[in-house]
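Enquirer:
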Amino acid sequence: MSDQDQAEVRLEFARLKQEHADFDAAINAMIATGCDPIQIQRMKKKKLALKDRLTVLEDRVIPDIIA
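Be aware that the sequence shown starts at 0, since it is given in numbering that gives the first Met the number 0, and climbs by one per residue.
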């Protein structure tokens with residue numbers, strides 16, 4: 000992977016990490032205000048999808064080293 004590709008992946012990773020944190024804050028606010036449980040569940044699913052995407056990007060940046 001070239002340096003530019005790695006930089007792009009790292010930038011995307013940082014953006015998604017911030018979005019994940021935003022979802023976390025939004026979910027906590029929704030729980031505190033007693034929002035609809037179905038909406039909270041949907042937000043949690045979106046947050047989990049972001050977490051999965053973060054894991055994929057992290058695996059692309061950090062190579063597997065067989066020891």
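Here a beta-carbon is modelled for each residue, glycine too, at the ideal position from N, C-alpha and C.
Using CA coordinates, which residue listed in Cys34, Val55, Asp51, Lys46 is at the minimum distance from Asp21?
Expert: It is Lys46 whose Cα lies nearest to the Cα of Asp21.
Enquirer: Grab the span of the alpha helix (DSSP H) containing Pro36 for me, first residue to last.
Expert: Where Pro36 is concerned, the enclosing alpha helix (DSSP H) stretches over 36-60.
Enquirer: Does the region 42-61 come close enough to the region 23-33 to have 3 or more Cβ pairs within less than 8 Å?
Expert: With the cut-off at 8 Å, the region 42-61 and the region 23-33 touch.
Enquirer: Ala48 to Thr54, Cα distance in whole Å?
Expert: When rounded, the distance between both Cα atoms is 10 Å.
Enquirer: Tell me where the alpha helix (DSSP H) around Met0 begins and ends.
Expert: Segment: none, Met0 is in no alpha helix (DSSP H) and carries neither H nor E.
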